[in-house]
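First the structure, in the form of structure tokens, and then the observations on it.
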Amino acid sequence: MFEGGEDIHALIFDPGQYSIRVGYAQEDTPRADIPAVIGVAPEAKSNNTASKPADQLKYYTDTTFLNISRANSEMISYMNNGIIENWNLFEKMLDYCYANVIQSSAENHPVFFTDAPLNPRVKREQLTELMFEKYQVPAMYMATNAALAAFANGKFNALVLDSGASYTTAVPILDGLVINNAVVKSPLAGDYITLKATEMLESMGIDLTPAHLIAMKEVVQDQEKPKFIKKTFTCPPTDSWMKYMTKRTVQDFQQTAIQISATSPSHYEFPTGYNRLFNQQHSQLTEGLFNHETLAVDKIVVTSISKCDLDVQPALYHSVVITGGNSLMKGFTERVEQEVRAKMPAAIKLKVRAVKGTTERRFEAWTGGSILASIGTFQQLWVSKRHYEEVGKHRINTL
Ligand SMILES: Nc1ncnc2c1ncn2[C@@H]1O[C@H](COP(=O)(O)OP(=O)(O)OP(=O)(O)O)[C@@H](O)[C@H]1O
Ligand SMILES: [Mg+2]
Numbered sequence: 001m002f003e004g005g006e007d008i009h010a011l012i013f014d015p016g017q018y019s020i021r022v023g024y025a026q027e028d029t030p031r032a033d034i035p036a037v038i039g040v041a042p043e044a045k046s047n048n049t050a051s052k053p054a055d056q057l058k059y060y061t062d063t064t065f066l067n068i069s070r071a072n073s074e075m076i077s078y079m080n081n082g083i084i085e086n087w088n089l090f091e092k093m094l095d096y097c098y099a100n101v102i103q104s105s106a107e108n109h110p111v112f113f114t115d116a117p118l119n120p121r122v123k124r125e126q127l128t129e130l131m132f133e134k135y136q137v138p139a140m141y142m143a144t145n146a147a148l149a150a151f152a153n154g155k156f157n158a159l160v161l162d163s164g165a166s167y168t169t170a171v172p173i174l175d176g177l178v179i180n181n182a183v184v185k186s187p188l189a190g191d192y193i194t195l196k197a198t199e200m201l202e203s204m205g206i207d208l209t210p211a212h213l214i215a216m217k218e219v220v221q222d223q224e225k226p227k228f229i230k231k232t233f234t235c236p237p238t239d240s241w242m243k244y245m246t247k248r249t250v251q252d253f254q255q256t257a258i259q260i261s262a263t264s265p266s267h268y269e270f271p272t273g274y275n276r277l278f279n280q281q282h283s284q285l286t287e288g289l290f291n292h293e294t295l296a297v298d299k300i301v302v303t304s305i306s307k308c309d310l311d312v313q314p315a316l317y318h319s320v321v322i323t324g325g326n327s328l329m330k331g332f333t334e335r336v337e338q339e340v341r342a343k344m345p346a347a348i349k350l351k352v353r354a355v356k357g358t359t360e361r362r363f364e365a366w367t368g369g370s371i372l373a374s375i376g377t378f379q380q381l382w383v384s385k386r387h388y389e390e391v392g393k394h395r396i397n398t399l
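Note that UniProt numbering gives residue 34 to position 34 of the sequence shown, counting from 1, and the numbers run on in steps of one.
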């Protein structure tokens, strides 16, 4: 229980492999959507990052700062498979959020964190400890991102198919609660598509030089050799920075040009100025999402529902919610619907729901948290700092 009164100004944090979404409860969208990568560089020039003590390193966060190439900088993700892994760097992200996005001290705001399905208990405890001990938050709550996405869709019973960057999960929700033993997780998601797209573009001989390395380019005709001049640097960009920026370049291509079951080709121009049409043949790389024997994104829906009690299965098929950035690929929802229909019991009705808006779809877990944390009856569910001090970090596991 947390008695913070009417205006508690709770914060919602939705950490993911691709980005962290952060903002205030009751608002429609997060205040910020920040890449889940920190640039780490030595303070002084020409010194190696690896040999420097942590207090002599500088940390760079958010797109504008990450896009600048710095001597000896390493681009490091604090996430691994959608789960917080590097706590030191995650703290840098939280520090940045409080100082630049929230612009208020952590002690003033209860925090609501979304959680990945099947996140190990120890990770939840570590986060709880960090927030209460270091950030001195007055209260905290955690909930599974898929359940919050269902909630944002006005559903308490649903099968949520969340396809993000590092994983796709099928998560059954009954009466608002996750049925943990029926959750199915697959690594076939956005990062897999980025990898396949990189392989395809490289095999086509397409130059993936990122926009921030290009000083000047000319307009060229469709499929004509690009004409561009690269920027010159006194210190050349690090391999790690190049890898990060190239990945961002391919992700832009992925988000703009890749379609599942493409009906009309899409035209795409790379940062070098090279441009061409990408057609059905180029979209074949998405087939990997659908042809794995057990982990295909449509199969995990059927497997997950089949692990639930027989009497709830029709309700779950009747309420499949599709969410996550990777599901925004054109044709994803339709293809999942078609494949699931072909594999499920014929007597049951299938209803698939996916919100149209690009940002809404990526922010659904955040939005679900924002709505939940604003409800009057929810306020008694906060774990207060006093309660934490009485019972310890294990308390959060009962949420
Ligand atoms: N419009 C789009 N079309 C296609 N793919 C997109 C689009 N927008 C984002 N993506 C892809 O979606 C993925 C990011 O999705 P999302 O923001 O849901 O991930 P996340 O929650 O941070 O990661 P995870 O769930 O793995 O922790 C990336 O692979 C990105 O390239
Ligand atoms: Mg996610």
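We put the beta carbon where it would ideally sit given N, CA and C, even for glycine.
- With a minimum length of 4 residues, the unbroken runs of alpha helix (DSSP H) contained wholly in the segment 245–325 fall at 297–306, 313–317.
- When DSSP assignments are scanned along the segment 72–159, the uninterrupted stretches of alpha helix (DSSP H) that are 4 or more residues long and fall wholly within it turn out to be 87–96, 121–129, 145–152.
- Of the residues M329, S304, K299, the one whose Cα lies closest to the Cα of L285 is M329.
- Within the DSSP secondary-structure output, I34 pairs in a beta bridge with I20.
- A distance criterion of 8 angstroms places the beta-carbon of S261 beyond contact range of ligand 1, judged by its closest non-hydrogen atom.
- Remark: the C-beta of G369 is outside contact range of ligand 2, defined as less than 8 angstroms to any heavy atom.
- Excluding the 5 residues flanking it on each side, S327 has same chain C-beta neighbours closer than 6 angstroms at S163, in chain order.
- In the three-state DSSP reduction, A211 falls in the helix class (H, G or I).
- Taking a 10 Å sphere around the C-beta of M140, we find 16 or more other C-beta atoms and assign the residue as buried.
- In this structure, the alpha-carbon of K185 lies about 8 angstroms from that of P117.
- According to the DSSP assignment, F233 belongs to no alpha helix (DSSP H), since it is labelled neither H nor E.
- Taking a C-beta distance under 9 angstroms as the contact criterion, A346 and L148 do not qualify as a contact pair.
- The C-alpha of V321 lies about 12 angstroms from the C-alpha of K356.
- The straight-line gap separating the alpha-carbon atoms of K343 and V302 is approximately 7 angstroms.
- In this structure T272 is not in contact with D191, their Cβ atoms being roughly 24 angstroms apart against a cut-off of 8 angstroms.
- In terms of side-chain proximity, the C-beta atom of N81 is found no nearer than 8 angstroms to any non-hydrogen atom of ligand 2.
- Per DSSP, D191 lies in no beta strand (DSSP E); the unbroken alpha helix (DSSP H) holding it starts and ends at 190–203.
- D162 has its Cβ nearer than 8 angstroms to a heavy atom of ligand 2.
- Contact check for M93 and I38: beta-carbon distance about 7 angstroms, within the 8 angstroms limit, so the pair qualifies.
- Contact between I229 and M242 fails: their C-beta atoms lie close to 18 angstroms from each other, not under 8 angstroms.
- Short note on N291: C-beta not closer than 8 angstroms to any heavy atom of ligand 1.
- A contact between stretches requires three or more CB pairs, one per stretch, nearer than 8 angstroms, and the segment 97–107 meets this requirement with the segment 22–36.
- In this structure, DSSP gives L66 a helical state, which the three-state scheme calls helix.
- When Cβ pairs closer than 8 angstroms are counted between the two stretches, the segment 233–253 is seen not to touch the segment 172–185, the count staying below three.
- Setting aside the 5 residues that flank it on each side, I305 is surrounded in the same chain by L159, P172, Q313, L316, Y317, each with a C-beta closer than 7 angstroms to its C-beta; the list follows chain order.
- R362 has its Cβ nearer than 8 angstroms to a heavy atom of ligand 1.
- Within the same chain, Cβ atoms closer than 8 angstroms to the Cβ of L177 are found at A147, the five residues on either side in sequence being excluded.
- Between ligand 2 and G16, a heavy atom-to-CB distance of less than 8 angstroms is present.
- In this structure, the beta-carbon distance from F270 to S69 does not fall below 9 angstroms.
- For V340, the uninterrupted alpha helix (DSSP H) segment begins and ends at 332–343.
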